[in-house]
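2 protein chains.
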Amino acid sequence: MTDVVTFEKLPSEMLLAGKGFRLKDSDPDATPGFPGGKSDGEALLAHLDGRLTTLQETLFAESRFGGTKRILLILQAMDTAGKGGIVNHVMGTMNPQGVQLKSFKSPTPEEKSYDFLWRIEKAVPAAGMVGVFDRSHYEDVLIHRVHRWASPEELERRYAAINEFEARQTGAGTKIVKVMLNISRDEQKERLLARLDDPTKLWKYSSNDVKERAFWDDYMDAYQKAIEKTHTDAAPWHVVPANKKWYARIAVQQLLLDALEGLHLKWPVPELDVALERDLVERS
Amino acid sequence: MTDVVTFEKLPSEMLLAGKGFRLKDSDPDATPGFPGGKSDGEALLAHLDGRLTTLQETLFAESRFGGTKRILLILQAMDTAGKGGIVNHVMGTMNPQGVQLKSFKSPTPEEKSYDFLWRIEKAVPAAGMVGVFDRSHYEDVLIHRVHRWASPEELERRYAAINEFEARQTGAGTKIVKVMLNISRDEQKERLLARLDDPTKLWKYSSNDVKERAFWDDYMDAYQKAIEKTHTDAAPWHVVPANKKWYARIAVQQLLLDALEGLHLKWPVPELDVALERDLVERS
């Protein structure tokens, strides 16, 4: 156990999209802070599973005694970047009782008839939960910017609305972790071709994915802008290199671990006389 | 892999609460159909994980192309019987995207103001999902019968309503798997004492659990009656011996596997020209 390769520098620092951040400078092939290779990464993922599960259960337990803390992991990425894999391999090992996953698709006509945050508000995690947004309100400043479905003024309104919304969640006890999984254009091509070649993956392929590839640079611009406008102390962005799936998974796992550790969780101690209760159980 | 111990007779047959079923004859310590011990059971659970995950993903994929099939696992049991462990160890390995878990607590005042199936209807699994009810509408014919919160006539109405409700779900594409986890009174005592002795489990302990132990026999009568009244071809009951947690887990895993196999799932084949799409991706 002790010879597992761990991060030398934490993703929460290494991958933070701080002041002056430029998406262009982030290398999708890199493995920042981690000195090992694929098998080391897989070993680390398995090794830290237990810790993640224990922290999650403590978070859940606290909420049963009035705790209001919770986590919200927001995952954004280009298609095929591996959001599903993160959900499956990182969140998949947690207790399903404590995970609240919401995948946001194209809005329904009803959802469209409201402000863009209406459907988001309804999906925020309950106290004690690790919530995950697979896509999110950021679609409203990403694809909407790329295809000019929103005017520049409306986009500005949305950035501000997002910051207010996220600050409010933070104020109510939510630790927000925002992640952009960063793959390269070439890597996406390989993954789309792989879907076409595999009968168990073909169902995930959409002709629309190819069409959107023509807008790649516009998407990168939109991400750059969104990160600039909505990277706040309350809800910072992390850009995770994602060409290597194993790296993206341990990086997000580590971000979650850090977020949970930062909550200083403790097992709740119910107000009861343990000796008396033991006696009652024995006699029952 | 080939030397994993498997079921000699399937839980879907062995544990079926068929005609003339008597709960009193079901031994909570038994391990019907399984010739191995604890370590064999744990090995089998891990061994069949992959199969379960693949079937679940196929179910999910089908729903993306119009499929309406889905699973609903209903878990009922006395406190400490291990519902949470089943959710964690059996469902916990599935892809969270395809699992829809609903834990039913005491109804809220709003829920109480409606018919007992109102809140249940809202929680039925979406197409392609493996839904799990941790407790369910059966509470309304179990604890309500034990404490006489419902009259005999009202209970009869509810049994009938449940059968109609479940038949309707089945008609809409839902495969229902109903499981009662069967622990003994003595085993529950041991587990309650264990909660009192472990600071990481103490938060799960409730003084109320001891009080309910006084009604143990009434609960068993209520289960017997509920199973008699609601064991149908569309939604049969299985009584799973649960004093050995490892056995309960492999039994429920096997019930889920059988249910999924019975759906004859296939990877969807999208209507697209793969060669053309490959060419478009290559050029993109």
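For the protein sequence lines, the chains are V and L, in the order given. Heads up: the first sequence begins at 34 in my numbering, then just goes up one per residue. Heads up: the second sequence begins at 34 in my numbering, then just goes up one per residue. Just so you know, even glycine gets a beta-carbon here, dropped at the ideal spot from N, CA and C.
Asked, Found
"How would you write the range of the alpha helix (DSSP H) that P142(V) sits in, first residue to last?", "P142 to K145"
"Whose C-alpha, out of G83(L), D60(L), V314(L) and K71(L), is nearest the C-alpha of L220(V)?", "One point to set straight first is that residue 220(V) is Glu, not Leu, in the sequence displayed. Nearest C-alpha to E220(V): V314(L)."
"Using only the alpha-carbon positions, how far apart do R201(L) and R152(L) sit?", "16 Å"
"Closest by CA to A156(L), which one among L105(L), R246(L) and V272(L)?", "L105(L)"
"Is H180(L) helix, strand or coil by DSSP?", "coil"
"Taking C-beta pairs closer than 8 Å, name the residues in chain V that G125(L) reaches, listed in chain order.", "G125, T126, M127, N128 and P129"
"Closest Cβ-Cβ distance between L85(V) and chain L: below 9 Å?", "no"
"With distances taken between CB atoms, is the gap from I119(L) to R282(L) smaller than 9 Å?", "yes"
"How big is the Cα-Cα spacing for F149(L) and S136(L)?", "15 Å"
"Alpha carbon to alpha carbon, how far is P301(L) from A284(L)?", "29 Å"
"Is N241(L) buried or exposed, if buried means 16 or more other CB atoms sit within 10 Å of its CB?", "exposed"
"Counting beta carbon pairs with one atom in the segment 157 to 164 of chain V and one in the segment 124 to 134 of chain V, are three or more of them shorter than 8 Å?", "yes"
"Taking only runs of the alpha helix (DSSP H) that begin and end inside the segment 159 to 239 of chain V, which ones reach a length of at least 4 residues, in chain order?", "172 to 179, 185 to 204 and 218 to 230"
"What separation, rounded to the nearest whole angstrom, lies between the Cα atoms of E197(L) and L188(L)?", "14 Å"
"If you follow the alpha helix (DSSP H) that V307(V) is part of, which residue opens it and which one closes it?", "V307 to R316"
"Which one of E304(L), P142(L) and L298(L) has the shortest CA to CA distance from L85(L)?", "L298(L)"
"Using beta-carbon positions only, say whether P65(L) and L48(L) come within less than 9 Å of one another.", "yes"
"So, does the segment 83 to 102 of chain V touch the segment 255 to 262 of chain V, judging by three or more C-beta pairs under 8 Å?", "no"
"Nearest chain V C-beta to W279(L) closer than 9 Å, yes or no?", "no"
"In chain order, which alpha helix (DSSP H) runs of at least 4 residues are fully inside the segment 238 to 266 of chain V?", "240 to 246 and 249 to 263"
"According to DSSP, simplified to helix, strand and coil, what is H122(V)?", "helix"
"For R97(L), name the three-state secondary structure that DSSP assigns.", "coil"
"Using only alpha-carbon positions, find the residue among V243(L), R181(L), E199(L) and L134(L) that is nearest to A255(L).", "R181(L)"
"According to DSSP, is P61(L) part of a helix, a strand, or is it coil?", "coil"
"Pull up the DSSP beta-bridge partners for P274(V), would you.", "N215(V)"
"Out of Y252(L), S217(L), H122(L) and H264(L), point me to the one whose CA is closest to G53(L)'s CA.", "H264(L)"
"Determine the direct distance from the alpha carbon of D62(L) to that of K138(V), and round the result to whole angstroms.", "47 Å"
"Using a Cβ-Cβ cut-off of less than 9 Å, give me the residues of the segment 44 to 55 of chain L that come near chain V, in sequence order.", "none"
"Given this structure, state the Cα-to-Cα distance separating S317(V) from L293(L), to the nearest angstrom.", "41 Å"
"Which residues in chain V sit within 8 Å of K222(L), going by Cβ to Cβ distance?", "V314, E315 and S317"
"State the DSSP-derived secondary structure class of L92(V), mapped to helix, strand or coil.", "helix"
"Pull the bridge partners of R103(V) from the DSSP assignment, please.", "T207(V)"
"Would you kindly work out how many angstroms separate the C-alpha atoms of H80(V) and G69(V), rounded to a whole number?", "14 Å"
"Anything in chain L within Cβ reach of G320(V), meaning under 7 Å, just list it in chain order.", "A question about residue 320(V) goes unanswered here, because the residues of chain V that appear run from 34 up to 317."
"Nearest by alpha-carbon distance to D306(V): which of I195(L), I209(L), A76(L) and L229(L) is it?", "L229(L)"
"State buried or exposed for D231(V), treating a residue as buried only when at least 16 other CB atoms are found within 10 Å of its CB.", "exposed"
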